[in-house]
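**Student:** Protein chains in written order, with this note's numbering: chain A, 295 to 705; chain B, 295 to 705. Just passing along the structure, written as structure tokens.
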């Protein structure tokens, strides 16, 4: 992609209504635009990152047998009356002229449960794992955390359906592993901890995945021995690590990037979701639900990976892997940069080519702000040495490499 | 994918609330589920088709310089008050507890125009082409046409921004070509005609893309000489072909599968979307908008491609290209079918493997209903001839081919 054509403008100043550092950098870098509190438009740069996160999530969901579906945003209010959750504060309500009243999907148990009833009849139809990546809507009284708490936000929600609790327990472990695979792959692995949370009436605990981060709004209590954490709600009850019983827990600020929950029969009972077992007996389906917000993950990645000059994207989810920059107005530089651009594109490398008529200082500042992992600099100085400059966003040193080398070094 | 695991149940009977033949077949085949009038959940089979349609659309939008963005569903009512369109009947309104009033996006001119204002400053920023694939919401008084007229539906909407009318005119032609490429690639090309429609105040005509189809709700007036059509609104005014002036127009029932519109400055004026030209003069940006509904296209494809037994998917957008069916309970058949399945998967072929314990009659009926282009049948009879059966969904004849041949014949 040529930067001269890219639908994106970098801003020198942080917009006044940026909620936090990730929102500030994503707005300044032209990754997204704020429409209203907690509601953002994704520009091409931001959407590229979001799609890469989604692709990794899909990959890991498919690997554990998840089948992708797409459920509606408009939910008949009756579905929510069935569970009594129509009174939830965060629901957006719609009185439609055409007669039917709707709420906007804040979560999808009320839709997936009656849908599953059409797919599950006998034990042979179980287990079943359905997931989607869909917008969720929550009428948040305060939505001042950029992508970390939105009114409209993307969610990957997986629902599992089982013949019994043991089968749910086993799958719950598999999802836990898949979630860590996801967090590892998108760059959040090292700082993300399994965190014990309240389990409702069907299991002692549920689990959150909390990413330790100074700017987080949550607090976790971390056991250095077990590498797990406990959320605030649980710590107030028991004050010890649920794994080792130890009481030396370290307080960390954190962001909740995922959660998994054993629903048991909470939704299968009201929606009459049952199955015939091997002996022909009617049994309630046992359910689990598992969420990760791709947009919140995006915000969290920026909270963790930035410096004073801008974002430092992990390679796996960077909008482009290579930022090719032509410096100065020399014809030789222009021609060489064009050649390298075409070669990188031909090799299938995601390259953003800064072909703009801007000063070196502006190009470098923008490049630091955008945070693309590899920077390739074509300049008269480097051309004299028969090479180009190569610098990683995460490192300070620029090295001069030959034209052949640069193609093999960037991903 | 193993059919024994697929989240889908075929129905023998057409659901009572199926609106039309495409909805009936898509519901019976387990491609989707109806949540409410005009509101559907996509099951894995349906989502696979939808995603293939989307991929083709993206490909053609990118080829004409389109850059993908993702705009919100929740629109502040103020944006719609700016154009006076907040009074439109089809808007869903939300009174939010948190104070702000929203409408659900029925279209996105009210969002993209102020966004473009942040990207366009001078003539150097033009032209600009932004598109998205996003849900739209319309409070349709009657929504009884399956995917053909939904309350919640997917739309690809492209918006173009130009320095002047000539530039818009030129791009409008490019989009017209891109649209025909899309319709050709998804199987609607032969029956889809450029159709003259009302142009508003900025151009004499806009254009619809109408697919001739007996079950369509629209009527077009088709000129056999020019291969273009005129919509009802226009024909009532002029009664002649706008291209050749001829009056021998054939009436056809049709479905509107796309539309393109020269907006001129209709939205740039209220949103103060202007730019500085080469001489430093302030000019209004000239806009165009271009829509295709992937979900409506999906419904239209099924309206066109089916017989009394089920759907007949065009290969380009079929949920799977090959339906591998194992017949009977013989161990040899099972083992051979497993081998072929693994080989097809290894070759990257989209294969659905009917590994269920069902009678041949049920498997064939389901296969006809699902409409996958190539059917590979592993049976004792064919094994005796050292081969497998191969049948195209669109043809009657089954032929016996060798194991090697079958891999090369299916896509």
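Virtual Cβ for every residue (Gly too), placed ideally from N, Cα, C. Just so it is clear, the structure is predicted and the values come from calculations on it, not from any experiment.
Return the first residue and the last residue of the alpha helix (DSSP H) that residue 355 of chain B is part of.
**Tutor:** From DSSP, the alpha helix (DSSP H) with residue 355 of chain B extends over 338 to 357.
**Student:** Residue 391 of chain A touches chain B at which residues, Cβ-Cβ below 8 angstroms?
**Tutor:** The answer, in chain order, is 383, 433, 435.
**Student:** Residue 552 of chain A: which of A:575, A:612, A:545, A:490 sits nearest, CA to CA?
**Tutor:** That would be A:490, whose Cα lies nearest to the Cα of residue 552 of chain A.
**Student:** Can you give me, in chain order, the residues of the segment 417 to 432 of chain B that have a beta carbon less than 8 angstroms from any beta carbon in chain A?
**Tutor:** From the segment 417 to 432 of chain B, only 422, 424, 429, 431 have a Cβ closer than 8 angstroms to chain A.
**Student:** Measure from the alpha carbon of residue 626 of chain B to the alpha carbon of each residue in B:578, B:572, B:682, then state which is nearest.
**Tutor:** Closest by alpha carbon: B:682.
**Student:** Counting only the same chain and skipping the five closest in sequence on each side, list residues whose C-beta sits under 7 angstroms from that of residue 437 of chain B.
**Tutor:** Same-chain partners within the cutoff: 331, 332, 443, 444, 445.
**Student:** Residues of the segment 314 to 328 of chain A in Cβ contact with chain B at a cutoff of 7 angstroms, in chain order, please.
**Tutor:** Residues 327.
**Student:** Can you name the residues of chain B whose CB is closer than 7 angstroms to the CB of residue 361 of chain A?
**Tutor:** Per Cβ cutoff of 7 angstroms: 301, 338.
**Student:** Apply the 10 Å Cβ neighbour rule to residue 326 of chain B and answer buried if 16 or more other Cβ atoms are within range, or exposed otherwise.
**Tutor:** The residue is buried, with at least 16 neighbouring Cβ atoms inside 10 Å.
**Student:** Just reading off the alpha helix (DSSP H) that residue 297 of chain B is part of, what are its end residues?
**Tutor:** Per DSSP, residue 297 of chain B belongs to no alpha helix (DSSP H) and is neither H nor E.
**Student:** Going by CA-CA distance only, name the one from A:320, A:409, A:583 that's closest to residue 566 of chain A.
**Tutor:** Ranking the options by Cα distance to residue 566 of chain A, first place goes to A:409.
**Student:** Is the beta carbon of residue 481 of chain B sitting closer than 9 angstroms to the one on residue 611 of chain B?
**Tutor:** Closer than 9 angstroms, so yes.
**Student:** Closer than 9 angstroms, CB to CB, is residue 369 of chain A near chain B or not?
**Tutor:** Chain B contact via Cβ: present.
**Student:** For the segment 658 to 670 of chain B against the segment 638 to 648 of chain B, do three or more pairs of beta-carbon atoms, one drawn from each stretch, fall closer than 8 angstroms, so that the two count as touching?
**Tutor:** As far as the Cβ criterion goes, the segment 658 to 670 of chain B touches the segment 638 to 648 of chain B, which means the pair count is three or higher.
**Student:** Does the distance from the C-beta atom of residue 701 of chain A to that of residue 597 of chain A stay below 9 angstroms?
**Tutor:** No, these two residues do not count as a Cβ contact at 9 angstroms.
**Student:** Compare the C-beta of residue 561 of chain A against all C-beta atoms of chain B and say whether one is closer than 9 angstroms.
**Tutor:** Cβ-Cβ to chain B under 9 angstroms: no for residue 561 of chain A.
**Student:** Please list, in chain order, the chain B residues whose beta carbon lies closer than 7 angstroms to that of residue 445 of chain A.
**Tutor:** Result: 368.
**Student:** Looking at the structure shown, is residue 481 of chain B part of a helix, part of a strand, or coil, going by DSSP?
**Tutor:** Three-state result, residue 481 of chain B: coil.
**Student:** Rounded to the nearest angstrom, how far is the Cβ of residue 541 of chain A from that of residue 513 of chain A, given a contact under 8 angstroms?
**Tutor:** 17 angstroms between Cβ atoms; not a contact.
**Student:** In terms of alpha-carbon separation, which member of B:561, B:562, B:522 lies closest to residue 544 of chain B?
**Tutor:** The option with the nearest alpha carbon to residue 544 of chain B is B:522.
**Student:** Residues in the segment 586 to 601 of chain A with C-beta within 8 angstroms of chain B's C-beta atoms, listed in sequence order?
**Tutor:** Flagged: no residues at all.
**Student:** Check the Cβ of residue 335 of chain A against every Cβ in chain B and list those closer than 8 angstroms, keeping chain order.
**Tutor:** Under the 8 angstroms cutoff, chain B gives 363, 364, 365, 366, 405, 409.
**Student:** Out of A:508, A:476, A:306, point me to the one whose CA is closest to residue 604 of chain A's CA.
**Tutor:** Residue A:306 is the option with its Cα nearest to residue 604 of chain A.
**Student:** Would you please verify whether the beta carbon of residue 647 of chain A is less than 9 angstroms from any beta carbon of chain B?
**Tutor:** No, residue 647 of chain A does not count as interfacial toward chain B.
**Student:** Can you check whether the CB of residue 592 of chain A is closer than 9 angstroms to the CB of residue 441 of chain A?
**Tutor:** Yes, they are a contact pair.
**Student:** Please identify the residue among A:500, A:679, A:671, A:676 whose C-alpha is closest to the C-alpha of residue 686 of chain A.
**Tutor:** For residue 686 of chain A, the nearest C-alpha among the options comes from A:671.
**Student:** Inspect the CB distances between the segment 426 to 435 of chain B and the segment 449 to 469 of chain B and report whether three or more fall short of 8 angstroms.
**Tutor:** Result yes; three or more Cβ-Cβ pairs closer than 8 angstroms.
**Student:** When you compare only the Cα positions, how much space is there between residue 558 of chain B and residue 580 of chain B?
**Tutor:** So the alpha carbons of these two residues sit roughly 5 angstroms apart.
**Student:** Enumerate, from N- to C-terminal direction, the unbroken alpha helix (DSSP H) stretches of 4 or more residues contained entirely within the segment 551 to 617 of chain B.
**Tutor:** Correct list: 588 to 598.
**Student:** Residues of chain A with CB under 7 angstroms from residue 413 of chain B, in chain order?
**Tutor:** The contacting residues are 301, 303.
**Student:** Counting only runs of 3+ residues fully inside the segment 371 to 429 of chain A, write out the beta strand (DSSP E) ranges in chain order.
**Tutor:** Here the runs fully enclosed are 387 to 389, 395 to 398.
**Student:** Who are the Cβ neighbours of residue 336 of chain B in its own chain at under 7 angstroms, not counting the five residues just before and after it?
**Tutor:** Excluding sequence neighbours, residue 336 of chain B sits near 326, 344.
**Student:** Does the beta carbon of residue 388 of chain A come closer than 9 angstroms to any beta carbon on chain B?
**Tutor:** Chain B contact via Cβ: present.
**Student:** Out of B:621, B:657, B:607, which one is the CA nearest neighbour of residue 319 of chain B?
**Tutor:** Comparing Cα positions, the closest option is B:607.
**Student:** Determine, using beta carbons only, whether residue 623 of chain B and residue 651 of chain B come nearer to each other than 9 angstroms.
**Tutor:** Yes, they are a contact pair.
**Student:** Determine the burial state of residue 616 of chain A: buried for a count of at least 16 other Cβ atoms within 10 Å of its Cβ, exposed for fewer.
**Tutor:** Under this definition residue 616 of chain A is a buried residue.
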